[in-house]
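Participant: First the structure, then my questions, so here it is.
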Amino acid sequence: MIPAELQTQLDKLAAVLLPQPIYWLSTQEIPPARRMPGTLGYTGIRLDAGLRDVIGDRWEGRRPCVVLDLDQIGPDVRNVLAIGLHEIGHVCERPIDTSPVSPTLDRWAGAEVELSIAFYSAGGDVTPAVPGWLFHDAGWLRIVTHAAYRAENAGIEFAFHNIFPRDNATTPQMHTAWATLHEEFAPLVDVPLMRLREYPIPEAYRRLWLCKVARWREGQPVNDSSADEFARLTLQGLEP
4 MIPAELQTQL
14 DKLAAVLLPQ
24 PIYWLSTQEI
34 PPARRMPGTL
44 GYTGIRLDAG
54 LRDVIGDRWE
64 GRRPCVVLDL
74 DQIGPDVRNV
84 LAIGLHEIGH
94 VCERPIDTSP
104 VSPTLDRWAG
114 AEVELSIAFY
124 SAGGDVTPAV
134 PGWLFHDAGW
144 LRIVTHAAYR
154 AENAGIEFAF
164 HNIFPRDNAT
174 TPQMHTAWAT
184 LHEEFAPLVD
194 VPLMRLREYP
204 IPEAYRRLWL
214 CKVARWREGQ
224 PVNDSSADEF
234 ARLTLQGLEP
C-alpha cells in the first residue's frame, strides 16, 4: 500500500485540483499478472471498478483511481507527486465513467485492464510512426500545466521537470507550455480543470503546437494516411 505520509501528500494534491478524492494504489499491491509494464503511473475511466478487489475495504464508491509504481519512481516524494499530478491531468481530460457498480461494469473494466496490459506489453505508446504526443496532446498539456500552477500556489512541492519528462522534437515540454500559457493561469484559476477546454487556447500556445505537429509530419512518409490522421485530429483540437 501507499505509505501513510505519502498518502496524505497525494490526497492533498487531489484536494487542490479535483472536486473528489482519488483511490491511490501502488503497483506493488496489484497482482503481477495485472500490472502495466514499464509505466510510472496510469489511470483509466473505469480503473476503480477494474481494481475494486485491490482497493478492498478502502472502497467508498466510484471515483478516479491512479496506480503509481513507487519502485520505479523512487523514494523522493517530489517525484511521486509529479507523476501523481501527471495522472490527474488524465483524470481531468477523461473524467471517469460514473455508472453504478454492476456485472456489466465489471466486465468492461476488466476488459480495459487486459487491453491496457497488452498495449504496454507490446511496446507502449510511442513508435516512429506514432507522434510523441499520443495521449499527451495540447489539451492534456494545458490541463497539467494549469494543475502545476495551482499546486505550486497551494504550497505543494513537486519535481516540475518530472511531470512530463519526455524529450523529443515533436512534443512541447512543460517549461515551454508554461511560458505560452502563464497569462491565463490567474484569470482561469477558479475554472475546474475539467472545463479548461471550454476556453479559447492562447495564440502563443496554439502556434507552438502547430509548429510541433508540422515538424513531426515532415518526418513521416508523404503518403502515410495514419500520419495524416494523427496530424488532422491534433490540429482540429487547436482551432480557435
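Everything in the sequence shown is counted per this note's numbering, starting at 4 for the first residue and increasing by one. For each residue, glycine too, the CB sits at the ideal point set by N, CA and C. Keep in mind that this is a model prediction, so the values were computed, not measured.
1) With respect to the beta strand (DSSP E) encompassing Arg26, which residues constitute its N-terminal and C-terminal limits?
2) Just the C-alpha distance for Glu187 and Gln239, rounded to the nearest angstrom, thanks.
3) Could you tell me the alpha carbon to alpha carbon distance between Val129 and Ser228, rounded to whole angstroms?
4) Kindly indicate the opening and closing residues of the beta strand (DSSP E) around Asp71.
5) Return yes when the Cβ of Ala180 is within less than 8 Å of the Cβ of Tyr208, no when it is not.
6) Alpha carbon to alpha carbon, what distance is there between Thr30 and Ala18?
7) Would you say Val70 and Ile33 are within 8 Å of each other, going by their C-beta atoms?
8) Relative to the C-alpha of Ala154, which candidate in Asp74, Pro224, Pro67 and Leu88 has its C-alpha closest?
9) List in chain order: all unbroken alpha helix (DSSP H) runs of 4+ residues lying wholly within the region 79–128.
10) Please name the residue or residues paired with Gly44 in a DSSP beta bridge.
11) From Gln223 to Met4, what does the alpha carbon distance come to, in whole angstroms?
12) Excluding the 5 residues flanking Arg61 on each side, which residues of the same chain have their C-beta closer than 7 Å to its C-beta?
13) In whole angstroms, give me the CA-to-CA distance for Asp14 and Asn156.
14) Do you know whose CA, among Glu242, Ile58 and Arg110, lies nearest Trp212's CA?
15) Note down, in chain order, each residue of its chain lying with its Cβ closer than 6 Å to the Cβ of Phe167, except the 5 sequence neighbours on either side.
16) Could you check which residue in Thr46, Leu84 and Ser105 has the C-alpha nearest to that of Ala162?
Facilitator: So, from the listed chains and residues:
1) According to the sequence provided, residue 26 is Tyr. The question's Arg does not apply to it. DSSP places Tyr26 inside the beta strand (DSSP E), whose first and last residues are Tyr26 to Ser29.
2) Straight across, the Cα-Cα distance linking Glu187 with Gln239 is about 21 Å.
3) Caution is warranted here: a pLDDT of 49 is assigned to Val129, below 50, making its placement in the model unreliable, and no coordinate value can be reported.
4) Per the sequence shown, the amino acid found at residue 71 is Leu instead of Asp. Here the beta strand (DSSP E) through Leu71 covers Cys68 to Leu71.
5) Their beta carbons are under 8 Å apart, which means Tyr208 touches Ala180 by this criterion.
6) If I take the Cα positions, the gap works out to 22 Å.
7) Contact: yes.
8) For the options Asp74, Pro224, Pro67 and Leu88, the alpha carbon positioned closest to that of Ala154 is the one of Leu88.
9) Within the region 79–128, the runs of alpha helix (DSSP H) at least 4 residues long that lie entirely inside it are, in chain order, 80–96 and 106–124.
10) According to DSSP, Gly44 shares a beta bridge with Leu71.
11) Their Cα atoms are separated by approximately 44 Å.
12) The answer, listed in chain order, is Tyr26.
13) Their Cα atoms are separated by approximately 16 Å.
14) Out of Glu242, Ile58 and Arg110, Glu242 has the C-alpha closest to the C-alpha of Trp212.
15) Cβ within range, chain order: Met177.
16) Its Cα nearest to that of Ala162, the residue Leu84 stands out among Thr46, Leu84 and Ser105.
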